């Protein structure tokens, strides 16, 4: 079983792990070899161990760039968020961690709920082609999404009052609020980001294997131990097994 899956998933005999380097929660350092370290690389390495093959890391600056390469034989698994738009070209496993996505605003603007943000004329800064950008594009039809290339640029736009609201991952937004008393967060997330393992479409047996693999890691406490190892246990949540 393992050997069959291994040959289908990684026919070159090496598991090529596509990583989204912009996700500071899942890649938050470097190992002793100077390579990316974090929950996402560790999940990929654990899968390679399960398959009894070597691994290599394939790095992408942004998730959209990783997703674009799905049919170009550059990676075997892509560790990015599962979103509706991406499922057109990529099959995703169940999530191994979830991340809340929230809005922050200036206190004087007095947004109470997420629905308050979804009004005509409201400008919202987002990281272009991030999972929450894709979700907002699909679900918040009234807002004016202002897309930029880096998370730092989204924060800069908000600080400079060029947008009304900043959308982002909750841990980073908390840092922004702590640095400025004039900013507030809408407490309820507008969505949560499901961090998953992506593969080429049309391989249901591999997808089943990956879902069982992730369920096992969650049940055994391996995922929780990774969150503690990388000091992100208060910033990420482990999905429940149904």
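Numbering (the working numbering), first residue to last: 36 to 277.
Beta carbons are placed, not taken as given, at the ideal position from N, Cα and C, and that holds for glycine.
In this text, all values refer to a predicted model and were calculated from it rather than measured experimentally.
heavy atom of the ligand ATP below 8 Å from residue i C-beta
| i | result |
| --- | --- |
| residue 40 | Although the ligand ATP was asked about, the structure shown includes no ligands whatsoever. |
Coarse secondary structure for residue i, derived from DSSP in three states
| i | result |
| --- | --- |
| residue 242 | helix |
| residue 90 | strand |
| residue 275 | coil |
| residue 41 | helix |
| residue 55 | strand |
| residue 219 | strand |
| residue 234 | strand |
| residue 227 | strand |
Limits of the unbroken alpha helix (DSSP H) element including residue i
| i | result |
| --- | --- |
| residue 152 | 149 to 152 |
| residue 157 | Here residue 157 belongs to no alpha helix (DSSP H), and DSSP marks it neither H nor E. |
Residues bridged to residue i [DSSP beta-bridge criterion]
| i | result |
| --- | --- |
| residue 48 | DSSP, once it has assigned bridges, lists no residue as partnering residue 48. |
| residue 69 | Paired residues: none, contrary to the question. |
| residue 162 | 183 |
Start-to-end residues for the beta strand (DSSP E) that takes in residue i
| i | result |
| --- | --- |
| residue 255 | Looking at the DSSP string, residue 255 is not in any beta strand (DSSP E), and its letter there is neither H nor E. |
| residue 172 | It is not in any beta strand (DSSP E) - residue 172 instead sits in the alpha helix (DSSP H) that spans 166 to 174. |
CA nearest to the CA of residue i, picked from the options
| i | options | result |
| --- | --- | --- |
| residue 169 | 208, 250, 116 | 116 |
| residue 134 | 59, 219, 41, 247 | 59 |
| residue 210 | 38, 42, 139 | 139 |
| residue 149 | 120, 226, 97, 78 | 226 |
Checklist entry - Which whole runs of the beta strand (DSSP E) in the stretch 78 to 143 are 3 residues long or more, in chain order? => result Secondary structure remark: continuous beta strand (DSSP E) runs of at least 3 residues inside the stretch 78 to 143, in chain order: 89 to 95, 112 to 116, 125 to 127, 132 to 141.
Checklist entry - Mind pulling the beta strand (DSSP E) runs of 3 or more residues that sit fully within the stretch 183 to 208? => result Counting only runs of 3 or more, we get 200 to 204.
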